[in-house]
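A short worksheet on the structure shown next.
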Amino acid sequence: MTNIKGLIEAVGGLINPLIAILVGLALLVFFWGLAKFIFRAGGDTKAVEEGKTLMIWGLIALFVMVSVWGIISFIQNAFLPGGGSTPTSLPTSTGLPAVTEI
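Residues 176 to 277 (our numbering) make up the sequence shown, in order.
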């Protein structure tokens with residue numbers, strides 16, 4: 176069982192950062208297509224179609240990558256006790272007065 180756990184942790188450790196980078200690239204492609212679509216909307220119909228195509232492919236890439244990310248998280252949570260990753264703690268402040276009125 177520890178071999179499976181190590182394998183799952185290794186795969187998750189490699190895929191999670193890779194997917195985060197690819198999601199950023201997919202967002203960049205989507206927004207590039209959106210910019211082409213908006214700024215060329217009045218004139219060049221070919222550029223408008225290219226913008227639509229880039230937006231569609233960007234959304235498809237986002238969907239696929241988020242799905243893979245979810246599948247990896249599901250597998251990690253199913254096979255690893257306590258899940259595969261440790262949750263990040265939120266920063267807290269002490270010594271500051273509480274805001275009760277705005």
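In this text, a Cβ means the ideal position worked out from N, Cα and C, and glycines have one as well.
The alpha helix (DSSP H) enclosing residue i, as first and last residue numbers
| i | result |
| --- | --- |
| residue 234 | 220 to 254 |
Close-in-space but distant-in-sequence residues of the same chain around residue i (CB under 6 Å, 5 per side omitted)
| i | result |
| --- | --- |
| residue 254 | 183 |
| residue 236 | 201 |
Close beta carbons around residue i, own chain, < 8 Å, minus the five adjacent residues each side
| i | result |
| --- | --- |
| residue 243 | 190, 194 |
| residue 180 | 254, 255 |
Among the options, the one whose alpha carbon lies nearest that of residue i
| i | options | result |
| --- | --- | --- |
| residue 228 | 211, 275, 240, 269 | 211 |
Beta-carbon gap between residue i and residue j smaller than 8 Å
| i | j | result |
| --- | --- | --- |
| residue 208 | residue 215 | no |
Three or more C-beta pairs under 8 Å: does that hold for the region 232 to 243 against the region 200 to 212? yes
Can we say the region 181 to 196 touches the region 219 to 227, given the rule of at least three CB pairs closer than 8 Å? no
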